[in-house]
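Which chain is which? The protein sequence lines are E and B, in order.
Every letter in the first sequence is one number past the one before it in this note's numbering, and letter 243, counting from 1, is 276.
Every letter in the second sequence is one number past the one before it in this note's numbering, and letter 105, counting from 1, is 138.
Working notes for the structure below.
Number of protein chains: 2
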Amino acid sequence: MKAAPVARLDPDAPSLDALSPDGPSPDALSQDAASPSALTKAASPAQRVAIEAISPSVDNGRFAVKRTIGESLIVEADIFADGHEQLSAAVEWRLGADKWNRVAMAPVVNDRWRANLPLKSQGIVQFRVEAQIDSYGGFVRDTARKLEAGLALNVEAQEGRALLAQAQAQASGAAKSALSALLTKFDAVTGEAQIALLLADAAKEAVYAVGAGKFVAHSDVQEVRVERQAASFASWYELFPRSQSATPGRHGSLRDVIAQLPRIQAMGFDVLYMPPIHPIGTANRKGANNALTVRPGDPGSPYAIGSPAGGHDALHPELGSLEDFRALVAAARDHGMELALDFAVQMSPDHPWLKQHPEWFTRRPDGTIKYAENPPKKYEDIVNPDFYADDALWNGLRDIFLHWIDQGVRIFRVDNPHTKPLPFWQWLIADIQAKQPDTIFLAEAFTRPKPMYRLAKIGFTQSYTYFTWRNTKQELTDYLTELNAAPVRDFFRPHFFVNTPDINPPFLQTGGRPAFLIRAALAATLSGLWGIYSGFEICEAAPLPGREEYQDSEKYQLRQRNYAAPGNIVREIAQLNALRAVEPALHSHLGVSFYNAFNDNILYYGKAAPGHDERLLIAVNLDPHHAQACDFEIPLWEWGLPDTAALQVEDLLHGYHFTWSGKLQTMRLEPAAPYAIWRVRPARKVAS
Amino acid sequence: MKAAPVARLDPDAPSLDALSPDGPSPDALSQDAASPSALTKAASPAQRVAIEAISPSVDNGRFAVKRTIGESLIVEADIFADGHEQLSAAVEWRLGADKWNRVAMAPVVNDRWRANLPLKSQGIVQFRVEAQIDSYGGFVRDTARKLEAGLALNVEAQEGRALLAQAQAQASGAAKSALSALLTKFDAVTGEAQIALLLADAAKEAVYAVGAGKFVAHSDVQEVRVERQAASFASWYELFPRSQSATPGRHGSLRDVIAQLPRIQAMGFDVLYMPPIHPIGTANRKGANNALTVRPGDPGSPYAIGSPAGGHDALHPELGSLEDFRALVAAARDHGMELALDFAVQMSPDHPWLKQHPEWFTRRPDGTIKYAENPPKKYEDIVNPDFYADDALWNGLRDIFLHWIDQGVRIFRVDNPHTKPLPFWQWLIADIQAKQPDTIFLAEAFTRPKPMYRLAKIGFTQSYTYFTWRNTKQELTDYLTELNAAPVRDFFRPHFFVNTPDINPPFLQTGGRPAFLIRAALAATLSGLWGIYSGFEICEAAPLPGREEYQDSEKYQLRQRNYAAPGNIVREIAQLNALRAVEPALHSHLGVSFYNAFNDNILYYGKAAPGHDERLLIAVNLDPHHAQACDFEIPLWEWGLPDTAALQVEDLLHGYHFTWSGKLQTMRLEPAAPYAIWRVRPARKVAS
């Protein structure tokens, strides 16, 4: 085989030599480097080997796939060429600017190839697929077939020798010596011994060491954002520090929050999230229940950030000092928890930036400040900066994150990110994670599906979801199925909050204690990330009439609670979190399968963790008012078992063991105990 | 709004001005121009407006979408931005190197936008989506809401005036005059009249004429290959000219083929396809039934191309002269047909190129020529050139096409393209279609699914398929569903041959005349492209025992036939082709829906053409041995009709009219008349 006719095909195409593993960086060689109009002209000779349908891939590599440390990245692609050529393929990958590594791919079925990359460090991993025609491998394959058919192989021996000599001519160092030695051996023997030498692994390995593949092709470069486990598995508890005082009517403090930590730890939560803790503006402050007129002593909404006491980098004076804050960080750590802060880009008219950086804010033609609005509504307690007014604003906002990171915070819940420029978040998250890769960003974007997903694509670690409004069997099945499908599964990590200070769902308002149990069980078992807002554990649900908002919302007033109130579900929450801690199947929303339970009020699903043979079966009665019973199928087929086989079962809520024999079983779930969680594996003997 | 902070975000990003419609070419501005690693750095400000999920698109624009002249290209994309900004979007498109045109896109639902591009000329059309923030549109929307709410709008009036003035400052020519006039009018009135002026269409149009959108974003450039109608809709008839002599035992000629044209035209075929018509080698010639020993007078396989009489640009002497060939082209045209030639890159050892261009062929170390092989099998009547031996080979092969194009041929059936380099075909097809856009290439690649699809992606107009081996209801439903789904539907045009000289399907071997009727009806109604190889119309099916090959295959000997033999299905084929000619729903494999017929032996489907309210309903009894009957559903829901409604029906095979009332109907199909074709539309009155 002589040189490919590169010159005629595409004068600018890299030569075959340049396509070797040690050639230019993958970026320069991406197939996408060719403009689309090149399709109407000549093709690069490298395209003789096709690489298609790489997975995982988000928008063809425009955005990073998300994974966590300790996971494997399973890379697959369709790889094939014309003719009957033997191919070889590998995944090339690197962390950040490190040197490129290679992992060999193996064919699976129907031109699909696969490799497994263990992910051991946080950061951005780049990868691409390389595939090539393996001439020596093809020679070995064909010659072995002829040998088996008993054909004379004199000429094949000479062809094989030529391939060895060709590789030897390209080689250097130890590889050259090895090939020279092989050629000497070859010339010293004859007939079958020559063929045996050519087909032996030693010859193949010697040729492969030279990297003598032909028509090397590369896929586009893809990226994986590798994050720590809390990015995908964590249990959040949200509280307003100002409500945590033990003395009724007294404004709570960060020190009061420290006193709550043992209680929260006992429930099994590992992230403690606080709405904004910064100084609250007084201009146009809102009163209780969002009243436009304020009464003396009304604390105001913590989302009206900024007062003469400071802005986003300050603490509300009544909450305590920076020293108190650091004490809370340390105490939380001692209780197995970390803090999550709220980040809301909205300022009260008293925010210091309005005086310090007037150029960051839009003024109207009459000289007045432009308030936030959703025409015809206007929000006169809030001013938004103009993100395209001045370069320094972006850095200023970024520095707020860095300030709190310096205080030990690694998790931020971002308020309404969909109403601020997408490029700002993309820049901010990349910039911060480059400095502190532990940083986690939760997007609170209750918006349309496509913007919600886009925020995850541009870097948000986790996202609030529509879970709160998905109540029926069909709704939950459809939503989890969507979240489990590619490409969403590869970039969007759902956070299932059962309630928030803004969302008091009708299901909880009307369903009583069983409704709280139902929603807790769904969130804690369907998603790796779940959270409750305080009050949920004592089944608080009094609404503003006809609204999804809470009566006497804590956003506008103090709400001290008796967390041991009768009817609380503290024990059940603690049990769910304890199961989450030890069951890998509960560490992700992925790996869910919905099975047949013949009752529309019973959602019944399995969860399996990668590499685990056992699985959890979970059934939830979605009806908080009535007991529900049904026949249901145990998924014997997941282990290739016949319908008559048996499963060993452990009831994880009650700790007892038993056996299910045969595919069809029955269950009954009372509103007072509306869910069941079983861990199952095949029984040792198949039932008759 | 001041200048965007471009400098900090990305020093290399184009300025906003550069992103105007008159800026650089789309290629330079593609979002893909950013290397993936840019995702970890700053984002371009243009990415504030997201453009995702463009359709149609093949491999993210790497390959062209296929359409035919007269079709509309419906372009869709997800388009959205952060916040509540008003957006506008357009498709920019151009044919070849023409200037860019624009078609406005309109929102459909859930951030999906759409535009319709009529395709009026053959060639490569490039298109991309442009989207931007429409500041003036957003002002109009918000101000209208405030007006409706009865708010005071003094400041809004000033804001609107500022927007007009801003546009006026950017404008020139007529647009500037229009805006100046508007500003003068504005200043001459007050209050509500100012607002009315700002919200009027005239103001919007004046601003839009300046193109004052912000944050202009562009998608990747996509391509559409627009071809003539025969690319997607044609009925092929294949014959061996050497068998067409009216005198038994005499070698047929091209003049004999002319005599067959009226018969073929009467059956309704419009493409006449001939296997290779070039000189046939004598070296290692194969005898009848592929025998390795040849008898005197055996004509040899026409796929062993080349003899001292010439190569691929010559005619086999017994078939006639180039003058005869041109006469055949003309006669075919007179009979409403065009010719399709075979192109097989394989040479007999006698091919003139072996002497003229020895450098195009591989010799083995012992000096012998390398025959085609599939180890351990070797094909000693065939030599393949080495595509990477010498640059001139590609031009030499291309010139063969140009030679026959000069003789009036516009359709080529390419033999086994998957065993020749993919880049060769990509280059060849682009090169030829640039010279003669009417040229059609049919890929005969009976290979694995992914290489089969890849050949279509790189430019083959049409493709042989797995249809011949899809016989059951499930197989046919699955296959047609796959061919109708994106992205396959956008680049792969299936050609449903019912038989070929190489494929004598078991279903035809064992099913008798009804089997031929069944397969003809399926191919002719399920695909825009179908074809038969001569002998099919007289139900020839004698196989080599246990093989899919024909006994006494015409590939190795003359086969003169009585085309009026008893039991022929000429009338039925003619009727199917006549229906195809007048029913737009039969012009494509697209637009098929499979409906419920409660019998696994009856395939029942609907076909609808875009923009047509009526549809065809087709039922085929897949069992050639027994009558089959069933209840079936008429798809009243396709027109939003209740289950009690009625359809007006025309039986297209028998010409009579009737009405179906109610969703459930019954049918019975005999083996002798195994299919039904009905044209239906809603009855004028709904049945009670």
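Think of the CB as a built atom: it goes at the ideal place given N, C-alpha and C, for glycine as much as any other residue.
Check                                                                                                   : Outcome
Span separating the alpha-carbon of E:A518 from that of E:Y637                                          : 19 Å
Sheet register partners of B:R446 (DSSP bridge)                                                         : B:D375 and B:L475
Under the three-state DSSP convention, the category B:W133 falls into                                   : coil
Minimum Cβ-Cβ distance from B:R487 to chain E less than 7 Å                                             : yes
Simplified DSSP assignment, three categories, for B:R648                                                : strand
Strand pairing of E:T543, partner residues [DSSP]                                                       : DSSP output for E:T543 lists no bridge partner at all.
Minimum length 3: unbroken beta strand (DSSP E) runs contained in the segment 414-471 of chain B        : 444-448
B:S88 versus E:A548 - alpha carbon distance                                                             : 43 Å
Cross-chain neighbours of B:H117 in chain E, by beta carbon under 8 Å                                   : N407 and T452
C-alpha gap between B:R178 and E:T533, whole angstroms                                                  : 30 Å
Neighbour-count burial assignment, E:S14, 16 or more Cβ in a 10 Å radius                                : This structure cannot speak to residue 14 of chain E, because chain E is shown only from 34 to 721.
As assigned by DSSP and simplified to three states, the class of B:R288                                 : helix
Sub-7 Å separation of E:L513 and E:V625 beta-carbons                                                    : yes
Cutoff 7 Å: E:F474 Cβ touching any chain B Cβ                                                           : no
Contact residues within the segment 188-205 of chain B, judged by C-beta distance below 7 Å to chain E  : V188, Q191, E192 and A195
Proximity test, Cβ basis, 7 Å: E:F524 and chain B                                                       : no
B:R359 versus E:V249 - alpha carbon distance                                                            : 45 Å
Proximity test, Cβ basis, 7 Å: B:P69 and chain E                                                        : Low local confidence applies: a pLDDT of 32 at B:P69 is under 50, so the model's placement there is unreliable, and no value is given.
Length-filtered (3 minimum) beta strand (DSSP E) runs lying within the segment 151-237 of chain B       : 156-166
Simplified DSSP assignment, three categories, for E:F273                                                : coil
Inter-residue spacing [alpha-carbon to alpha-carbon] between B:I462 and B:F474                          : 8 Å
Among E:D167, E:L559, E:G339 and E:P350, the one whose alpha carbon lies nearest that of E:L387         : E:G339
Test: E:Q80 CB closer than 7 Å to a CB of chain B                                                       : yes
E:R397 - DSSP class collapsed to helix/strand/coil                                                      : coil
Presumed contact (8 Å Cβ cut-off) between B:L680 and B:R714, rounded CB distance                        : 7 Å
Three-state secondary structure assigned by DSSP to B:T480                                              : coil
Cβ separation of E:R431 and E:T472, assumed to be a contact under 8 Å, to the nearest whole Å           : Not confirmed; about 12 Å, so no contact.
E:H622 to E:L559 span [Cα, whole Å]                                                                     : 5 Å
Beta strand (DSSP E) runs wholly inside the segment 284-358 of chain E, at least 3 long, in chain order : 304-307
Contacting positions in the segment 481-509 of chain E - beta carbon closer than 8 Å to chain B         : R481, P482, K483, P484, R487 and I491
C-beta contact flag for B:E731 and B:I602 at 7 Å                                                        : Given that chain B is displayed from residue 34 to residue 721, the structure contains no residue 731 of chain B and the question cannot be resolved.
Limits of the unbroken beta strand (DSSP E) element including E:W711                                    : Y708 to P715
Rounded C-alpha distance that separates E:F394 from E:I107                                              : 47 Å
Own chain residues within Cβ distance below 6 Å of E:Y583, not counting five before or after            : N537
Nearest neighbour of E:R396, chosen from B:A607, B:V188 and B:R717 [CA to CA]                           : B:V188
Pairwise C-alpha distance: E:I667 and E:H690                                                            : 16 Å
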